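Student:
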């Protein structure tokens, strides 16, 4: 049960790091190939309008919600396991 919590926290930290990394690295982009880059109009439009942050926030909210649900489910399963173990020992 503790291992699951540690894994969940690590996944949350990694997710947050990966979610905000493109925004931080945008100024430091260096073109490594001489091939012309394709312009992705939707991403450019979202970035210009500032809506890309809304997308990131919604994704993080969903991921955090799933993470909290998994933690709550893990606690419930842990309690049930303990209850079953206690019943088995008291027989």
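Numbering (mature numbering (1 follows the signal peptide of the UniProt record, and there is no 0)), first residue to last: -25 to -1, 1 to 66. Cβ coordinates follow ideal geometry from the N, Cα and C atoms, glycine included. All figures in this text were calculated on a predicted structure; none of them were measured in a lab.
Suppose you measure from the CA of residue 31 to the CA of residue 54; what does that come to, to the nearest Å?
Tutor: Within the chain shown, numbered from 1, the residue matching residue 31 stands at position 56. Within the chain shown, numbered from 1, the residue matching residue 54 stands at position 79. Looking at the two C-alpha atoms, the distance is approximately 35 Å.
Student: Assuming contact is defined by CB atoms lying nearer than 9 Å, are residue -15 and residue 48 in contact in what I supplied?
Tutor: For this step, residue -15 is matched to residue 11 along the chain shown. For this step, residue 48 is matched to residue 73 along the chain shown. With contacts defined by Cβ atoms closer than 9 Å, residue -15 and residue 48 do not form a contacting pair.
Student: Measuring only the C-alpha atoms, how far is residue 28 from residue 46?
Tutor: Locating residue 28 in the chain shown gives position 53, where the first residue counts as 1. Locating residue 46 in the chain shown gives position 71, where the first residue counts as 1. Cα-Cα distance, rounded: 27 Å.
Student: Among the candidates 63, 38 and 21, whose CA atom is the shortest distance from the CA of residue -11?
Tutor: Counting from 1 along the chain shown, the entry for residue -11 is found at position 15. The candidate whose alpha carbon is nearest that of residue -11 is 38.
Student: Determine the contact status of residue -7 and residue 34, defining contact as a CB-CB distance below 9 Å.
Tutor: Along the chain shown, read from residue 1 onward, the residue named residue -7 stands at position 19. Along the chain shown, read from residue 1 onward, the residue named residue 34 stands at position 59. Cβ distance < 9 Å, so residue -7 and residue 34 count as in contact.
Student: Between 23, 66 and 40, which has its C-alpha nearest residue -18's C-alpha?
Tutor: The residue labelled residue -18 in the question sits at position 8 within the chain shown. Minimum Cα distance to residue -18 is reached at 40.
Student: Using the C-alpha atoms, what's the distance from residue -9 back to residue 60?
Tutor: In the chain shown, counting from the first residue as 1, residue 60 sits at position 85. In the chain shown, counting from the first residue as 1, residue -9 sits at position 17. Computed Cα separation, rounded: 40 Å.
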